[in-house]
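Below is one structure, written out as structure tokens, with a few remarks after it.
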Amino acid sequence: MTKEGLIEQIKLKQSFLCVGLDTDLTKIPSFLLDFEDPIFEFNKRIIDSTKDLCVAYKPNIAFYECLGSKGWDSLKKTIDYIPENIFTIADAKRGDIGNTSDYYAKTFFEYLNFDAVTVAPYMGIDSVKPFLKYENKWVILLALTSNEGASDFQTLKDEEGKFFYERVLEKSSKWGTPENLMYVVGATRAEAIGSVRKTVPNNFFLVPGVGAQGGSLDDVVDYGWNNDCGLLVNSSRGIIYASNNHDFAQAARVNALEIKNSMSVLLQAKGFVKE
26 MTKEGLIEQI
36 KLKQSFLCVG
46 LDTDLTKIPS
56 FLLDFEDPIF
66 EFNKRIIDST
76 KDLCVAYKPN
86 IAFYECLGSK
96 GWDSLKKTID
106 YIPENIFTIA
116 DAKRGDIGNT
126 SDYYAKTFFE
136 YLNFDAVTVA
146 PYMGIDSVKP
156 FLKYENKWVI
166 LLALTSNEGA
176 SDFQTLKDEE
186 GKFFYERVLE
196 KSSKWGTPEN
206 LMYVVGATRA
216 EAIGSVRKTV
226 PNNFFLVPGV
236 GAQGGSLDDV
246 VDYGWNNDCG
256 LLVNSSRGII
266 YASNNHDFAQ
276 AARVNALEIK
286 NSMSVLLQAK
296 GFVKE
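The sequence shown lines up with residues 26 to 300 when you count with the working numbering.
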């Protein structure tokens, strides 16, 4: 999907919501375990109940590959089921050198046909370039995450007073363009989102941490907004595990609709869409 296509969907749905499909067999409603493919059945119902409210889905690959070939089959069926006008993100956090990254890119962009994949930048440009070769595909580079260990490296300062994540942004922004390069920026570091935005003013951000992790949607927009909206805000557990009963898909829709409605208000306030 192109940048223009993504922006069009944001305007059409008045939403920049990404639903994380972190589907865990130990957490989905127990009645689904009687189905031939419980993971896909769960995902299918979540997609059916939220596809008009979100502009992206983000399966976390770990929840699928841990199940072996059955998990990969469930993932493939899920991606094939998602409507073509919805942006798809492989949350895989890959990043290796040489032809290893070539094959990772081939897996997610050719075999699974994702629109985007999350990539770790620690090994440098040669670990990222293979993903950037694909037309209308995206790299979503880890920039400033919200996990406890993020401070181990990301917020260390060099002799010039620059944070490590700022150096990563400055360097990596030259590898791609705002048409094919996004950044992961955690919602629980609201003011730091503003710092990232100053460094990469035109790129989209994938923002996890709103909802179950306590991040504020208003803060994300205040600090991360750009002229293209520039934000995909992810919610996983707060939507897909809203209920553990037969009504789980309806409950997911209720929670997704609440976030979507808040996004609509913010988009209107910014003049990005009309009421």
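For glycine and all other residues, C-beta sits at the position ideal for the given N, C-alpha and C.
Using CA coordinates, which residue listed in L167, A274 and S55 is at the minimum distance from D116?
L167
Among residues of its own chain, excluding the 5 on either side of E195, which ones have a beta-carbon nearer than 7 Å to its beta-carbon?
T224
M207 versus Y190: straight-line alpha-carbon distance, rounded
The alpha-carbon separation between M207 and Y190 amounts to approximately 14 Å.
Three Cβ pairs or more, each shorter than 8 Å: is that satisfied between the region 36-50 and the region 70-85?
yes
Can you give me the C-alpha to C-alpha distance between Y89 and K95, rounded to a whole angstrom?
8 Å
If we call anything under 7 Å between Cβ atoms a contact, is D140 one with T103?
In this structure, D140 keeps its C-beta atom at 7 Å or more from the C-beta atom of T103.
If you check the beta carbons only, do W200 and V144 fall under 7 Å apart?
no
Alpha helix (DSSP H) segments (min. 4 residues) lying fully within the region 216-251
242-249
Assuming S74 and A294 are in contact, meaning their beta carbons sit under 8 Å apart, how far apart are those beta carbons, in whole angstroms?
About 27 Å; that fails the 8 Å criterion.
Neighbour-count burial assignment, V209, 16 or more Cβ in a 10 Å radius
buried
Going by beta carbon distance, what residues of the same chain come within less than 7 Å of D253, once the five residues before and after it are set aside?
Taken in chain order, the residues that qualify are I32.
Touch check for the region 119-129 and the region 258-271: three-plus C-beta pairs under 8 Å?
With a cut-off of 8 Å on Cβ pairs, the region 119-129 is not in contact with the region 258-271, counting fewer than three such pairs.
What is the DSSP secondary structure of Y159, reduced to helix, strand or coil?
Shown here, Y159 sits in coil according to DSSP, grouped into three states, outside any helix or strand.
Is the distance from the Cβ of G255 to the Cβ of F229 below 7 Å?
Using a Cβ distance threshold of 7 Å, G255 and F229 count as a contacting pair.
Please classify A87 as buried or exposed, where buried requires at least 16 neighbouring CB atoms within 10 angstroms.
So A87 ends up on the exposed side.
Among the residues of its own chain, which have a CB less than 8 Å from the CB of Y147, if the five just before and after it don't count?
G120
Exposure of D59, with buried meaning 16 or more beta-carbon neighbours within 10 Å
exposed
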